[in-house]
Amino acid sequence: MNTNDRLAEILAVHRGREGALLPILHDVQAAFGHVPEDVYQPIADALRLGRAEVAGVVSFYHDFRAQPAGRHVIKLCRAEACQSMGGSDLIARLEAALGMKLGETKGDITLEAVYCLGLCACGPAAQVDGQLIGRASAARLEALVAEVTA
Ligand code: FES
22 MNTNDRLAEI LAVHRGREGA LLPILHDVQA AFGHVPEDVY QPIADALRLG
72 RAEVAGVVSF YHDFRAQPAG RHVIKLCRAE ACQSMGGSDL IARLEAALGM
122 KLGETKGDIT LEAVYCLGLC ACGPAAQVDG QLIGRASAAR LEALVAEVTA
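Each number in our numbering comes from the position in the sequence shown (counting from 1) with 21 added on.
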């Protein structure tokens, strides 16, 4: 099924619903792995919005990716509880170790920010390929990344 057909299906599921933009964008990302720019206008047309409104929502919410993610996704929590437990230092160390910044994809790895993983009491929290990690250290995350990418 091509992109247009899949998008048409998604739009049909949400047709007539209040507040359909976010659910549509989530479905698009689930279907394509990211929210490609070429879906902005068809979504805007379907919801009678401006293309800029759709683009603004995609860029505002950190959950939406403009580019496809790598095969391995590392999420680092940037919410307050984790920041108070050394989250910023963890992010800086991992960025240095991997040679990439939050929001970037390099090779097979995507490094991205998340705003709470539900492990607030065990900060700093991270997630590697869906596996939640509390009290994360850079060394532990580097070891996990090496393990999953081996
Ligand atoms: S604030 Fe980091 S997991 Fe909740």
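From the three backbone atoms N, C-alpha and C, an ideal C-beta is built for every residue, glycine too. The model shown is predicted, which means the values in this text are computed figures rather than measured ones.
Spatial neighbours of residue i in its chain, beta-carbon cut-off 8 Å, leaving aside the 5 residues before and after
i, result
"V166", "H93, I95, L119, I130, V149"
"V16", "For the chain, the structure presents residues 22 to 171; residue 16 sits outside this window and is missing."
"G91", "T126, K127, G128, D129, I130, T131"
"G124", "L132, E133, A134"
Burial state of residue i (16 or more Cβ within 10 Å)
i, result
"L132", "buried"
"V34", "exposed"
"L43", "exposed"
"P145", "buried"
"G54", "exposed"
"Y61", "buried"
"A171", "exposed"
Between the CA atoms of residue j and residue i - distance to the nearest angstrom
i, j, result
"K122", "R72", "28 Å"
"A52", "V75", "18 Å"
"A160", "I112", "12 Å"
"C141", "S105", "10 Å"
"R114", "Q88", "24 Å"
"V78", "D66", "15 Å"
"G108", "E116", "12 Å"
"L70", "A134", "28 Å"
"C98", "L153", "11 Å"
"R38", "L28", "16 Å"
"E58", "S80", "11 Å"
"N23", "Y82", "26 Å"
Nonlocal neighbours in the same chain, by C-beta distance under 7 Å from residue i, ignoring five residues either side
i, result
"Q50", "V56, F85, R86"
"L68", "A41, L42"
"C137", "C98, A100"
"A157", "L111, P145, A146, A147"
"I31", "I45, D48, V49, A52"
6 Å CB neighbourhood of residue i in its chain, flanking five on each side removed
i, result
"C103", "G144, P145, A146"
"E163", "A118"
Self-check item: alpha helix (DSSP H) runs contained entirely in the region 101–132, provided each spans 4 or more residues
Solution: With a minimum length of 4 residues, the unbroken runs of alpha helix (DSSP H) contained wholly in the region 101–132 fall at 101–104, 108–119.
Quiz prompt | In chain order, each alpha helix (DSSP H) run of at least 4 residues that lies wholly inside the region 53–99 | solution = 61–68, 72–81
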